[in-house]
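K.L.:
The structure's right below; bear with me while I get my questions together.
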Amino acid sequence: MTATWGDGTRSVRAGDHPAVPGAPLRPSPVFAAPFHLGDQPPRTGGADAYARTEHPTLRDFEAAVGDLDGGQCLSFATGMAALAAVVMACADAGDRVLLPADGYYATRLLAAEELTRFGVEVSYVATPDVGELAAGGGLDGVRLVLLETPSNPQLDVCDIAAVARAARAAGAVVAVDNTTATPLGQRPLELGAHLTVASDTKALTGHSDLLLGHVSTSDDALFARLKSWRDRSGGTPGPFEAWLGHRSMSTLDLRLARQGANAAAVAEVLAASPAVRGVRWPWRAGDPSFALAQRQMLRPNGVVSAELADEAAVTRFLAASRLWTAATSFGGVHSTADRRAQWGGDAVPPGFVRFSCGIEDTEDLVADLSAALSAALG
Ligand SMILES: Cc1ncc(COP(=O)(O)O)c(C=O)c1O
């Protein structure tokens, strides 16, 4: 792919093959588990043999995502399968792993309930504090550092390049959960991370109808280690998911543009409402994440967080709204609102809501938000 192409071109053209007269613009999914072997040894000349290790539709999708990340991509059935690959394949018994204390809660559960069973020591640090920890030598003896920036759901950011420098000096592997940012919004590999990992269930595919995840790297040894993990553990996406993921990401640039514009307007309405406090959006001037997000990130996305008075206020808000659908996850074309405390994993107040701005018209979304916030006041 041409390095100078813009985000729209890259979203559409990533992973494309040279055009063939009479062929579809993008190959259709190849539905196969085993492939004919013929009379040659398996994999002769790169021929496909069994789809758990690789298959043609997945190769195209991985080429596309890897193009956007600037590395070699391995796709997984879900974001958690990708994160499990990172923490399980990159740490051994006796190693210490550093995780975000304020990131996606299932990653902490994975570490606490599974990783520690294998003798891996897990420490936690909040995203705003990881830079200071790294600068003060706090990564000495750490094998793997996982960052999540912006963190979900509180949208704090940390300096990937600074942490990666310190981590590399300490001999640690640095992985960044880039789910909220997307590969168009932030390029962790260029900032010095070894691995960028994401839930592609979110904005990358963006239609709330798919589960996918991936890891990309430009380190051949890490790629081989992760590929071996996936081959053995079997979290490989099938052809329909891979094809639909590839098709969906073609519109990533367009969706992010509308979601970002909606988020900018939504953050202002939230901030002006007496029903709300603590609005967070890293691209809003005055946000604690603003300066670093401006420096480190390439473009905004549609995730905004804020606090309503309590659970009852959120219930009134959702009942009054026609466009803010109660749903978890984020990054989809529908606008959604998720009261995070109901899941029990995040240290947030009962009225804390993660708003995911979809691609509806800004004026409709803002009008609906204003009316529903008035209802939230009771
Ligand atoms: C930041 C982050 N990472 C990883 C995941 C896990 O992704 P999945 O649900 O696709 O397994 C999520 C899901 O919400 C997430 O928000």
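Okay, so the sequence shown: first residue is 989 according to our numbering, each after it adds one.
Quick reminder that beta carbons are idealized off the backbone N, C-alpha and C, glycines included.
Looking at the secondary structure, which residues open and close the beta strand (DSSP E) in which S1111 lies?
P.N.:
That run of the beta strand (DSSP E) goes E1109 to V1113.
K.L.:
Just to confirm the assignment, what range does the beta strand (DSSP E) spanning G1266 have?
P.N.:
From DSSP, the beta strand (DSSP E) with G1266 extends over V1264 to R1268.
K.L.:
If you draw a straight line from the C-alpha of G1194 to the C-alpha of V1341, how long is it?
P.N.:
Distance between the alpha carbons of G1194 and V1341 is about 20 Å.
K.L.:
Does ligand 1 have even one heavy atom less than 7 Å from the beta-carbon of N1140?
P.N.:
Yes, Cβ of N1140 sits closer than 7 Å to a heavy atom of ligand 1.
K.L.:
For a test of the three-state rule: what should DSSP assign to A991, helix, strand or coil?
P.N.:
The answer is coil: DSSP assigns A991 none of H, G, I, E or B.
K.L.:
Assuming contact is defined by CB atoms lying nearer than 8 Å, are R1327 and A1363 in contact in what I supplied?
P.N.:
Not in contact: R1327 and A1363 (Cβ atoms no closer than 8 Å).
K.L.:
On the three-state DSSP scale, how would you describe H1182?
P.N.:
H1182: coil per DSSP, three-state reduction.
K.L.:
Tell me the DSSP bridge mates of F1343?
P.N.:
Answer by DSSP bridge pairing, in chain order: V1292 and A1325.
K.L.:
Please check the pair L1134 and A1094, which I expect to be a contact at CB under 8 Å, by giving their CB distance rounded to whole angstroms.
P.N.:
Contact flag wrong, Cβ pair sits at about 13 Å.
K.L.:
Just tell me which of A1359, L1025, V1291 and R1246 has its CA closest to the CA of V1267.
P.N.:
It is V1291.
K.L.:
What residue does the beta strand (DSSP E) around S1204 start on, and which one ends it?
P.N.:
Counting along the chain, the beta strand (DSSP E) containing S1204 begins and ends at G1201 to T1205.
K.L.:
Starting from Q1247, trace the alpha helix (DSSP H) in both directions and tell me its first and last residue.
P.N.:
Q1247 -> alpha helix (DSSP H) spans L1240 to A1260.
K.L.:
What are the residues that DSSP puts in a beta bridge with A1314?
P.N.:
A1325.
K.L.:
Just how far apart, CA to CA, sit G1222 and A1007?
P.N.:
The alpha-carbon atoms of G1222 and A1007 are separated by roughly 33 Å.
K.L.:
Within a Cβ cutoff of 8 Å, which residues of the same chain sit near A1081, ignoring the five residues on either side of it in sequence?
P.N.:
Excluding sequence neighbours, A1081 sits near F1106, G1107 and V1108.
K.L.:
Report the start-end ranges of each alpha helix (DSSP H) in the stretch 1021-1068 that is 4 residues or longer and not cut off at the edges.
P.N.:
Correct list: 1044-1057.
K.L.:
Under the assumption that H1182 contacts T1167 (Cβ atoms under 8 Å), give the Cβ distance between them as a whole number of angstroms.
P.N.:
About 17 Å; that fails the 8 Å criterion.
K.L.:
Measuring CA to CA, which of V1000, A1157, V1257 and L1365 is closest to S1238?
P.N.:
Considering only alpha carbons, the answer is V1000.
K.L.:
For T1104 versus T1189, is the C-beta spacing smaller than 8 Å?
P.N.:
Going by C-beta atoms, T1104 is not nearer than 8 Å to T1189.
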